[in-house]
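In this note's numbering, the protein residues as written are 911 to 1207. Every residue gets a Cβ at the ideal spot worked out from N, C-alpha and C, and that includes glycine.
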């Protein structure tokens, strides 16, 4: 059975321009997790300090030398950065991995692996590692640049005449038919598409190709891990990655796609209080839309 969606709702999603985050700051974590107890200066020499746990996840908050990492299971851990912390990127052009970086490289959204030592004021990172590609991506987010959406925007601009001609047919229509929907899912803090997700995207693109006058609407979502600014940017990145895959790998034409958007943690598909629910909410929805103005053409 077809589901009818109001044009007002679709227009609000489909035609909204992405809002690019500048600096991602913590907002909705447990306040007690953000409180820092002053116990003295962070030692510059970590020699002799006992080993602490290894941490893995993405940087979700930062306050000076205090950094919070959220694991793939949504668990928050904090560590301090010392002058002795060895920070390096793996891979990269001209041997970037051999170059030691300063603490400024530890930006919100960056996936990291951390080795720690124990100290009276908490954990101190002895080593922080991340990929050069992830560092480049985090830098683009920080500067307000979204490469995936820029590519998408350029493609739409190149096809502006065809896009406007088709949209002109539906400008005064208050209902769309949703002819099909596909969801692809993501790990916490990530936007890479799994092989299963890739297959699902090309499947829905083929279904849309077989549907007369179909448009695709791509909407990205997150779970409630992280603050609003981080989740807004993350949802946009997921939507942008899906758009690029649909066009570059599945052959979908840019002019047959409405403007993608990110909705952060809005409209959850499941309860965010459980790991299973959060996994269902870390998604991008791809909707096949046909306006009644062109139905049957």
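> Under a Cβ-count criterion, where at least 16 other Cβ atoms within 10 Å of its own Cβ denotes burial, should residue 1183 be classed as buried or exposed?
Replying inline: In the chain shown, residue 1183 corresponds to position 273, counting from 1. Label assigned to residue 1183: exposed.
> Residues bridged to residue 1267 by DSSP?
Replying inline: In this structure the chain extends from 911 to 1207, so residue 1267 is not present and cannot be described.
> If you draw a straight line from the C-alpha of residue 1101 to the C-alpha of residue 1121, how long is it?
Replying inline: Taking the first residue of the chain shown as position 1, residue 1101 is located at position 191. Taking the first residue of the chain shown as position 1, residue 1121 is located at position 211. Residue 1101 and residue 1121: Cα-Cα distance of roughly 28 Å.
>> Could you compute how far the alpha carbon of residue 1032 sits from the alpha carbon of residue 990?
In response: In the chain shown, the residue the question calls residue 1032 occupies position 122. In the chain shown, the residue the question calls residue 990 occupies position 80. Going from the Cα of residue 1032 to the Cα of residue 990 covers about 7 Å.
>> Can you give me the C-alpha to C-alpha distance between residue 1027 and residue 1179, rounded to a whole angstrom?
In response: Residue 1027 sits at position 117 when you count from the first residue of the chain shown. Residue 1179 sits at position 269 when you count from the first residue of the chain shown. The straight-line gap from Cα to Cα measures roughly 40 Å.
>> With distance defined between alpha-carbon atoms, name the residue in 1134, 993, 986, 1024 nearest to residue 1187.
In response: As a working mapping, residue 1187 is identified with position 277 in the chain shown. Nearest option by C-alpha distance: 1134.
> Name the DSSP bridge partner or partners of residue 988?
Replying inline: Counting from one through the chain shown, the residue named residue 988 turns up at place 78. For residue 988, which the question treats as bridged, DSSP gives the partners 978.
>> Quick check: the Cα distance between residue 1145 and residue 1159, rounded to an integer number of angstroms?
In response: The sequence position of residue 1145 within the chain shown is 235, counting from 1. The sequence position of residue 1159 within the chain shown is 249, counting from 1. Approximately 21 Å, taken between the alpha carbons.
>> On the criterion of 16 or more Cβ atoms from any shown chain inside 10 Å, does residue 1197 qualify as buried, or is it exposed?
In response: As a first step, residue 1197 must be located in the chain shown, where it is residue number 287. With 16 or more other Cβ atoms within 10 Å, it is buried.
> Would you report the Cα separation of residue 1163 and residue 1044, rounded to the nearest angstrom?
Replying inline: Here the question's residue 1163 lines up with position 253 in the chain shown. Here the question's residue 1044 lines up with position 134 in the chain shown. Roughly 28 Å between the two C-alpha positions.
>> Going by DSSP, what residue range makes up the beta strand (DSSP E) through residue 1176?
In response: Translated into the one-based positions of the chain shown, residue 1176 becomes position 266. Residue 1176 -> no beta strand (DSSP E), and no H or E assigned at all.
> Since residue 1168 sits in a beta bridge, which residues does DSSP pair it with?
Replying inline: Within the chain shown, numbered from 1, the residue matching residue 1168 stands at position 258. DSSP output for residue 1168 lists no bridge partner at all.
> How do the region 1007 to 1024 and the region 962 to 976 stand: do at least 3 beta-carbon pairs fall below 8 Å, yes or no?
Replying inline: yes
> When the distance is taken between beta carbons, is residue 1149 closer than 8 Å to residue 1130?
Replying inline: Here residue 1130 refers to the residue found at position 220 when the chain shown is read from its first residue. Here residue 1149 refers to the residue found at position 239 when the chain shown is read from its first residue. Their beta carbons are under 8 Å apart, which means residue 1130 touches residue 1149 by this criterion.
>> Rounding to the nearest angstrom, what Cα-Cα distance links residue 1127 and residue 1172 in this structure?
In response: As a first step, residue 1127 is located in the chain shown; it is residue number 217 there, counting from the start. As a first step, residue 1172 is located in the chain shown; it is residue number 262 there, counting from the start. Using only the alpha carbons, I get a separation of about 11 Å.
>> Among the candidates 1115, 958, 1185, whose CA atom is the shortest distance from the CA of residue 981?
In response: In the chain shown, counting from the first residue as 1, residue 981 sits at position 71. Residue 1185 is the option with its Cα nearest to residue 981.
> If you draw a straight line from the C-alpha of residue 971 to the C-alpha of residue 1177, how long is it?
Replying inline: To locate residue 971, count along the chain shown from 1; it is residue 61. To locate residue 1177, count along the chain shown from 1; it is residue 267. Between residue 971 and residue 1177, the C-alpha separation is close to 24 Å.
> Going straight from the alpha carbon of residue 1194 to that of residue 1143, what length do you get?
Replying inline: Here the question's residue 1194 lines up with position 284 in the chain shown. Here the question's residue 1143 lines up with position 233 in the chain shown. In a straight line, the C-alpha of residue 1194 is about 13 Å away from that of residue 1143.
> At what residue ranges does the region 1077 to 1157 contain a whole run of the alpha helix (DSSP H), taking only runs of 4 or more?
Replying inline: 1105 to 1119
> Looking only at its own chain, which residues have a Cβ that is under 6 Å from the Cβ of residue 1190, when we skip the five neighbours before and after it?
Replying inline: Position 280 of the chain shown, counted from the start, is the residue given in the question as residue 1190. Cβ neighbours of residue 1190 beyond the five flanking positions: 1179, 1180.
> What number of angstroms, rounded off, separates the C-alpha of residue 1137 from the C-alpha of residue 1046?
Replying inline: On the chain shown, residue 1137 is found 227 positions in, with the first residue counted as 1. On the chain shown, residue 1046 is found 136 positions in, with the first residue counted as 1. Those two C-alpha atoms are separated by around 21 Å.
> Leaving out five residues before and five after residue 1175 in sequence, what residues of the same chain have Cβ atoms less than 6 Å from its Cβ?
Replying inline: Residue numbering aside, residue 1175 sits at position 265 when the chain shown is read from its first letter. Cβ within range, chain order: 1132, 1134, 1141.
> Is it the case that the Cβ atoms of residue 994 and residue 1040 are separated by a distance below 8 Å?
Replying inline: By one-based count along the chain shown, residue 994 stands at place 84. By one-based count along the chain shown, residue 1040 stands at place 130. Going by C-beta atoms, residue 994 is not nearer than 8 Å to residue 1040.
>> What does the alpha-carbon distance come out to for the pair residue 1117 and residue 1097?
In response: Locating residue 1117 in the chain shown gives position 207, counting from the first residue. Locating residue 1097 in the chain shown gives position 187, counting from the first residue. Cα-Cα distance, rounded: 26 Å.
> Is residue 1035 helix, strand or coil when you go by DSSP?
Replying inline: Mapped onto the chain shown, residue 1035 falls at position 125. Note: residue 1035 maps to strand in three-state DSSP.
> Is it right to say residue 1169 is buried, meaning 16 or more other beta carbons lie within 10 angstroms of its own, or is it exposed?
Replying inline: Stepping through the chain shown from its first residue, residue 1169 is reached at position 259. When all chains shown are included, residue 1169 counts as buried.
>> From the DSSP secondary-structure annotation, give me the bridge partner or partners of residue 967.
In response: Position 57 of the chain shown, counted from the start, is the residue given in the question as residue 967. Paired residue(s): 1022.
> Using the C-alpha atoms, what's the distance from residue 986 back to residue 979?
Replying inline: Position 69 of the chain shown, counted from the start, is the residue given in the question as residue 979. Position 76 of the chain shown, counted from the start, is the residue given in the question as residue 986. Roughly 6 Å between the two C-alpha positions.
>> Let's see if you can read the secondary structure: which residues bound the beta strand (DSSP E) around residue 1197?
In response: Here the question's residue 1197 lines up with position 287 in the chain shown. 1193 to 1201 is the extent of the beta strand (DSSP E) around residue 1197.
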